[in-house]
Amino acid sequence: MKAAKIKYLRAASIDEAIQQTLDNDGPKYMAGGQSMMPMMNLRLAMPGTVIEISDIPALRESRHVDGMLFVGACTTHASIEDGKLEDVARGYLQHVAGGIAYRAVRNRGTVGGSLVHSDPAADWPSALLALGAVAVLVSPEGRRNVPLADFQTGLMETCLGEREILEGVLLPVLSDKARWGYTKFCRKNGEFSHSIGAVVIDPANGLANAVVGAASDRPRLLVRVSALLASGLPAAEVGKPAFEDAIAKDLADVTDHAPDSYEYHLHKTMVTRAITEALKK
Ligand SMILES: Cc1cc2nc3c(=O)[nH]c(=O)nc-3n(C[C@H](O)[C@H](O)[C@H](O)COP(=O)(O)OP(=O)(O)OC[C@H]3O[C@@H](n4cnc5c(N)ncnc54)[C@H](O)[C@@H]3O)c2cc1C
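For what it's worth, my numbering labels the leading residue of the sequence shown as 260, then goes sequentially.
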């Protein structure tokens, strides 16, 4: 199938993009088009007006803001993979970016597009939730910051208002004591994951987050396991009764999969591997 007829506009600034949504019918922003174009071709998305935002300089820049790194929404996966973004997460971002799909998708696909598309099996929503990122949103009413934990509200749903644009994300600058692990399982390279385990521990930033992705409508923080990590869980305790109890209760809270199912075992394995990877660093 091919996309339905659309009006196509390119915005040169955030203000112009927002104005174009006010002046045109059925507006939708497009960044890398890697999720939008397939959905338009399948006619699952039929916007009246597509507003291309990928050339807006403010959405491509990165800068330090109040001790955090602001990363513009239109930063591509490839530019992070190639080390063009300052490495404030000690290799974590580069590792995640390099594992997304394949290079052609990474060349065009953007961090912001991935977060707004909010596929529960996508990489950035899980990875940046574990990192404690904050989304920066702009609308005609002004700018607001939303912790990533509150940004995605359900299956491919976010708290973005109709005219609102994701300007970027604020990332903590990890200390030299920070440790992370990121594991995912796909049957074929370049496919979306069947499960993701994302773990970031950095006491200097108050971070001890274990996240499971692709297990429910959105990436979920495993609160009991995260509390164990915050209390300084040693690697030797992974798999011991306190850990097993915490992960079983957390998975029961965030997935509908039965404990004897393949999916449950897969999610438990991905999270456990990510924790083991982090604790060995
Ligand atoms: C074959 C294939 C394999 C893939 N595999 C993976 C994978 O393994 N892991 C993974 O994480 N992803 C994967 N993807 C998705 C890819 O990472 C996309 O880049 C990403 O999901 C969307 O980013 P985009 O910039 O292309 O967004 P677009 O497709 O342009 O937009 C997606 C949505 O976000 C909205 N949007 C975009 N930017 C903004 C903004 N700044 N403000 C407000 N709204 C905005 C658009 O209106 C649209 O609704 C895959 C894609 C393909 C085609």
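Idealized CB from N, CA, C, for every residue including glycine. Here the structure is a predicted model, which means the values were calculated and not measured.
- Placement of the Cβ of Met295 at a distance of less than 7 angstroms from at least one heavy atom of ligand 1 is found.
- Not a single heavy atom of ligand 1 lies less than 7 angstroms from the C-beta of His453.
- Taken in chain order, the unbroken stretches of beta strand (DSSP E) that lie wholly in the region 419-475 and span 3 residues or more are 424-431, 438-444, 454-461, 466-472.
- For the alpha helix (DSSP H) assignment, the uninterrupted runs of no fewer than 4 residues enclosed by the region 290-353 are, from N- to C-terminal side, 295-300, 336-340.
- Rounded to the nearest whole angstrom, the CA to CA distance from Pro500 to Ile506 is 10 angstroms.
- The bridge partners DSSP lists for Thr417 are Gln411.
- No Cβ-Cβ contact shorter than 8 angstroms links Phe451 with Ala537.
- Excluding its 5 nearest sequence neighbours in each direction, Lys443 has C-beta neighbours in its own chain below 6 angstroms: Ser452, Ile455, listed in chain order.
- With a threshold of 16 other beta carbon atoms within 10 Å, Asn448 falls short and is exposed.
- DSSP links Pro493 through a beta bridge to no other residue.
- When beta bridges are read from the DSSP output, Pro399 appears opposite no residue.
- Val355 places its beta carbon 8 angstroms or farther from that of Leu328.
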